[in-house]
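Top line first, the protein sequences correspond to chains A and B.
The first sequence runs contiguously to residue 189 in numbering that gives the first Met the number 0.
The second sequence runs contiguously to residue 189 in numbering that gives the first Met the number 0.
Positions of the beta carbon are idealized from the N, C-alpha and C atoms, including for glycine.
If you're wondering where the values come from, they're calculated on a predicted model, not measured in any experiment.
There are 2 protein chains.
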Amino acid sequence: MKLLEQRILSDGKVKPGGILKVDGFLNHQIDPSLLYEMALELKRLYAGEEINKILTIEASGIAMASLVGYVFGCPLVFAKKSKSRNISDDVYSVEVESFTHGNTNTVVVSREYLKAGDRILIIDDFLATGAALVGLKTLAEQAGATVVGAGIAIEKAFQGGGDLLRSQGLRIESLARIASMGDDGSLCFC
Amino acid sequence: MKLLEQRILSDGKVKPGGILKVDGFLNHQIDPSLLYEMALELKRLYAGEEINKILTIEASGIAMASLVGYVFGCPLVFAKKSKSRNISDDVYSVEVESFTHGNTNTVVVSREYLKAGDRILIIDDFLATGAALVGLKTLAEQAGATVVGAGIAIEKAFQGGGDLLRSQGLRIESLARIASMGDDGSLCFC
Chain A
0 MKLLEQRILS DGKVKPGGIL KVDGFLNHQI DPSLLYEMAL ELKRLYAGEE INKILTIEAS
60 GIAMASLVGY VFGCPLVFAK KSKSRNISDD VYSVEVESFT HGNTNTVVVS REYLKAGDRI
120 LIIDDFLATG AALVGLKTLA EQAGATVVGA GIAIEKAFQG GGDLLRSQGL RIESLARIAS
180 MGDDGSLCFC
Chain B
0 MKLLEQRILS DGKVKPGGIL KVDGFLNHQI DPSLLYEMAL ELKRLYAGEE INKILTIEAS
60 GIAMASLVGY VFGCPLVFAK KSKSRNISDD VYSVEVESFT HGNTNTVVVS REYLKAGDRI
120 LIIDDFLATG AALVGLKTLA EQAGATVVGA GIAIEKAFQG GGDLLRSQGL RIESLARIAS
180 MGDDGSLCFC
């Protein structure tokens, strides 16, 4: 999606170690008009697919999922990072490793809000190793729901998570796919 | 706002100890079409006021702030709960006590995204003691920004935080104000 690629080039910052900072418009300060255009593009890409629920993970997926939910006309559910190791029977839970923070979180969704029969679009701001996406897919499967696909803002294609999951049959639509980033601050799209 | 009050009556659950669960449409599963109507109502209430930025706090304020930002046509910034006690010079920071979780968090905003001259609308899903609202106001003031007012989904008026802050001159528009909740599950609006 050209609009997002241009915004990454103008406002994103490439940091050493494969880090892309998009704090200025995607995950700290957020531009809702950009998110709205991204949601419209996902609506176009998933036209003809029956989707009744958006699933994302706190915190930075929530903004994009909110606009996607608005455009798709369906509710969103966000998986919460659990504070306690004692997981109640009322939730589905899964362990998710964070590439950014270098730790592992237990994330949970109330059983009340994921059901067999749900047809789910997973939304997240980043796809790198695919850990968060696999976690969300696992939560949906625990509920017996169908994952129709995923909608990602920025895929770091060079980290391989997206292609691995595609080869396993998951549909993933990434609005910007990054082929490479250099320590000199350079960035190439696929 | 009648639409929100009706939704609280139909889908909210009053729990002992002054807890109102609105997990089904506001802060776990979220209804974006309701948030959109709430954003339009805030736009009407703040008509004529110059506002260039929305400020909220993770995680459950982000969804509402995203739709408010979309309707107001301005960016949102969300204050992040800091994982470390070592706060860098790049951020504004404040301590916020959580009524729901019974703990205290350090929340931070990058200095890059709050500026003197900003005219800010603070958004949050709940107002009870006012701790989160005071924290967000403090962050804005650290930056020299002006807080035009606050837009709240649900105010627990019986906890007094809202009226205390109003008496200090802060404009607060709450879309549903709860006068009382009983241990029998009853609930009255102001």
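Open item on the list: Buried or exposed for B:Asn26, going by 16 or more other Cβ atoms inside 10 Å?
Closed with: On the second sequence, position 27 is the one that residue 26 of chain B refers to. That one is buried.
TODO: Report the option in B:Leu169, B:Arg6, B:Pro15 whose CA atom is closest to the CA atom of B:Met37.
DONE: By 1-based counting over the second sequence, the position of residue 37 of chain B is 38. The shortest Cα separation from B:Met37 among B:Leu169, B:Arg6, B:Pro15 belongs to B:Arg6.
Task: CB contact below 8 Å: B:Pro15 versus chain A - done: The sequence position of residue 15 of chain B within the second sequence is 16, counting from 1. It does not; no Cβ of chain A falls within 8 Å.
TODO: List the residues of chain A whose Cβ lies closer than 8 Å to the Cβ of B:Ser32, in chain order.
DONE: Here residue 32 of chain B corresponds to residue number 33 of the second sequence, with the count starting at 1. Result: Tyr69, Gly72.
- [ ] Kindly indicate which three-state DSSP category A:Thr137 falls into: helix, strand or coil?
- [x] Within the first sequence, numbered from 1, the residue matching residue 137 of chain A stands at position 138. In this structure, A:Thr137 counts as helix in the three-state DSSP scheme.
- [ ] Grab the span of the beta strand (DSSP E) containing B:Met180 for me, first residue to last.
- [x] One-based indexing of the second sequence puts residue 180 of chain B at position 181. Where B:Met180 is concerned, the enclosing beta strand (DSSP E) starts and stops at 171–180.
Task: Under the three-state DSSP convention, the category B:Leu113 falls into - done: For the purposes of this step, residue 113 of chain B is taken as residue 114 along the second sequence, with counting starting at 1. B:Leu113 falls in the coil class under three-state DSSP.
TODO: Could you tell me the distance, in whole angstroms, from the CA atom of B:Ala152 to the CA atom of B:Arg170?
DONE: The sequence position of residue 152 of chain B within the second sequence is 153, counting from 1. The sequence position of residue 170 of chain B within the second sequence is 171, counting from 1. The C-alpha of B:Ala152 lies about 14 Å from the C-alpha of B:Arg170.
Task: A:Gly150 - containing beta strand (DSSP E), residue span - done: Along the first sequence, one-based indexing puts residue 150 of chain A at 151. 145–155 is the extent of the beta strand (DSSP E) around A:Gly150.
- [ ] Determine whether the Cβ of A:Ala192 lies closer than 8 Å to any Cβ atom of chain B.
- [x] Residue 192 of chain A is absent from the structure shown; chain A starts at 0 and stops at 189.
Task: Selection of the stretch 127–150 of chain B by Cβ proximity to chain E, strictly under 9 Å - done: No chain E is present in this structure, whose protein chains are A and B.
- [ ] Give the straight-line distance between the Cα atoms of B:Gly159 and A:Lys20, rounded to the nearest whole angstrom.
- [x] The residue you call residue 159 of chain B lines up with position 160 of the second sequence. The residue you call residue 20 of chain A lines up with position 21 of the first sequence. Spanning the two alpha carbons is a distance of roughly 40 Å.
- [ ] Select from A:Leu75, A:Tyr69, A:Lys12 the residue whose C-alpha is nearest the C-alpha of B:Ile29.
- [x] Taking the first residue of the second sequence as 1, we reach residue 29 of chain B at position 30. Taking only the C-alpha atoms, the option nearest B:Ile29 is A:Leu75.
- [ ] With a threshold of 16 other CB atoms inside 10 Å of the CB of A:Asn104, please say whether the residue is buried or exposed.
- [x] For this step, residue 104 of chain A is matched to residue 105 along the first sequence. A buried status is given to A:Asn104, since no fewer than 16 other beta-carbon atoms sit within 10 Å of its beta-carbon.
Task: A:Ile7 - containing alpha helix (DSSP H), residue span - done: Mapped onto the first sequence, residue 7 of chain A falls at position 8. It spans 1–10 - the alpha helix (DSSP H) in which A:Ile7 sits, taken as one unbroken run.
Open item on the list: Determine, for A:Ala152, whether the minimum Cβ-Cβ distance to residues of chain B falls below 8 Å.
Closed with: In the first sequence, residue 152 of chain A corresponds to position 153, counting from 1. For A:Ala152, the answer is no, since every Cβ of chain B falls outside 8 Å of its Cβ.
Open item on the list: Which residue wins for smallest C-alpha separation from A:Asp22, given the options A:Pro15, A:Asp10, A:Leu33, A:Pro31?
Closed with: Start at 1 with the first residue of the first sequence, and residue 22 of chain A comes out as number 23. Minimum Cα-Cα distance from A:Asp22 among the listed residues A:Pro15, A:Asp10, A:Leu33, A:Pro31 corresponds to A:Asp10.
Task: Cross-chain neighbours of B:Lys42 in chain A, by beta carbon under 9 Å - done: Your numbering for residue 42 of chain B matches position 43 in the second sequence. Contact note: B:Lys42 does not reach chain A at a C-beta cutoff of 9 Å; the least C-beta distance is about 13 Å.
Task: Listed by chain order, chain A residues near B:Leu66 by CB distance under 9 Å - done: Working through the second sequence from its first residue, we reach residue 66 of chain B at position 67. Those are Pro31, Ser65, Leu66, Tyr69, listed as they occur along chain A.
Task: Contact residues within the stretch 76–95 of chain B, judged by C-beta distance below 8 Å to chain A - done: Under the 8 Å Cβ criterion, the stretch 76–95 of chain B contributes Val76, Phe77, Lys79, Lys82.
- [ ] Would you decide whether B:Pro31 is buried or exposed? Buried here means 16 or more other CB atoms lie within 10 Å of its CB.
- [x] The residue you call residue 31 of chain B lines up with position 32 of the second sequence. It counts as buried.
Task: Close beta carbons around A:Pro15, own chain, < 8 Å, minus the five adjacent residues each side - done: For this step, residue 15 of chain A is matched to residue 16 along the first sequence. Cβ within range, chain order: Asp182.
- [ ] Please determine if the stretch 85–101 of chain B and the stretch 87–107 of chain A are in contact, where contact requires at least 3 C-beta pairs separated by less than 8 Å.
- [x] Fewer than three pairs of CB atoms, one per stretch, sit closer than 8 Å, so the stretch 85–101 of chain B makes no contact with the stretch 87–107 of chain A.
Task: Range covered by the alpha helix (DSSP H) that runs through A:Ser97 - done: By one-based count along the first sequence, residue 97 of chain A stands at place 98. It is not in any alpha helix (DSSP H) - A:Ser97 instead sits in the beta strand (DSSP E) that spans 90–97.
Task: B:Asn191 - partner residues in DSSP beta bridges - done: As shown, chain B starts at 0 and ends at 189. That puts residue 191 of chain B outside it, with no answer to give.
Task: Short CB-CB distance (under 8 Å) between A:Asp124 and chain B - done: In the first sequence, counting from the first residue as 1, residue 124 of chain A sits at position 125. No, A:Asp124 does not count as interfacial toward chain B.
Task: Contact list for B:Asp22 against chain A, beta-carbon separation under 7 Å - done: Within the second sequence, the letter at position 23 stands for residue 22 of chain B. Those are Ser109, listed as they occur along chain A.
Task: Rounded C-alpha distance that separates A:Ile50 from A:Phe71 - done: Along the first sequence, read from residue 1 onward, the residue named residue 50 of chain A stands at position 51. Along the first sequence, read from residue 1 onward, the residue named residue 71 of chain A stands at position 72. The alpha-carbon atoms of A:Ile50 and A:Phe71 are separated by roughly 8 Å.
TODO: Look at A:Ala149 and A:Ala115 and say whether their C-beta atoms are less than 8 Å apart.
DONE: On the first sequence, residue 149 of chain A is found 150 positions in, with the first residue counted as 1. On the first sequence, residue 115 of chain A is found 116 positions in, with the first residue counted as 1. Contact: no.
Task: Any C-beta of chain A under 8 Å from that of B:Ala58 - done: On the second sequence, residue 58 of chain B is found 59 positions in, with the first residue counted as 1. Closer than 8 Å: yes.
Task: Length of the line joining the Cα atoms of B:Glu4 and A:Ile56 - done: Reading the second sequence from its first residue, position 5 is the one you call residue 4 of chain B. Reading the first sequence from its first residue, position 57 is the one you call residue 56 of chain A. Rounded to whole angstroms, B:Glu4 and A:Ile56 show a C-alpha spacing of 28 Å.
TODO: Measure from the alpha carbon of A:Glu111 to the alpha carbon of each residue in A:Asp123, A:Ala144, A:Gly68, then state which is nearest.
DONE: Walking along the first sequence from the start, residue 111 of chain A turns up at place 112. Ranked by how close their Cα comes to the Cα of A:Glu111, the residues A:Asp123, A:Ala144, A:Gly68 have A:Ala144 in first place.
Task: Beta carbon of B:Leu163 nearer than 8 Å to that of B:Gly129 - done: Residue 163 of chain B sits at position 164 when you count from the first residue of the second sequence. Residue 129 of chain B sits at position 130 when you count from the first residue of the second sequence. Judged by beta-carbon spacing, B:Gly129 lies within the 8 Å limit of B:Leu163, meaning their Cβ atoms are closer than that value.
Open item on the list: Quick check: what's the CA-CA separation for A:Ser109 versus B:Ala131?
Closed with: One-based indexing of the first sequence puts residue 109 of chain A at position 110. One-based indexing of the second sequence puts residue 131 of chain B at position 132. Distance between the alpha carbons of A:Ser109 and B:Ala131: 25 Å.
Open item on the list: Here's the rule: buried if 16 or more other CB atoms are within 10 angstroms of the residue's CB, otherwise exposed. What is A:Ala64?
Closed with: For the purposes of this step, residue 64 of chain A is taken as residue 65 along the first sequence, with counting starting at 1. Under the 10 Å beta carbon count, A:Ala64 is surrounded by 16 or more other beta carbons and is classified as buried.
Open item on the list: Using C-beta distances below 8 Å, list every residue in its chain close to A:Asp117, excluding the 5 sequence neighbours before and after it, in chain order.
Closed with: To locate residue 117 of chain A, count along the first sequence from 1; it is residue 118. Cβ neighbours of A:Asp117 within its own chain (closer than 8 Å, five residues either side excluded): Asn51, Lys52, Ala139, Ala142, Ala144, Thr145.
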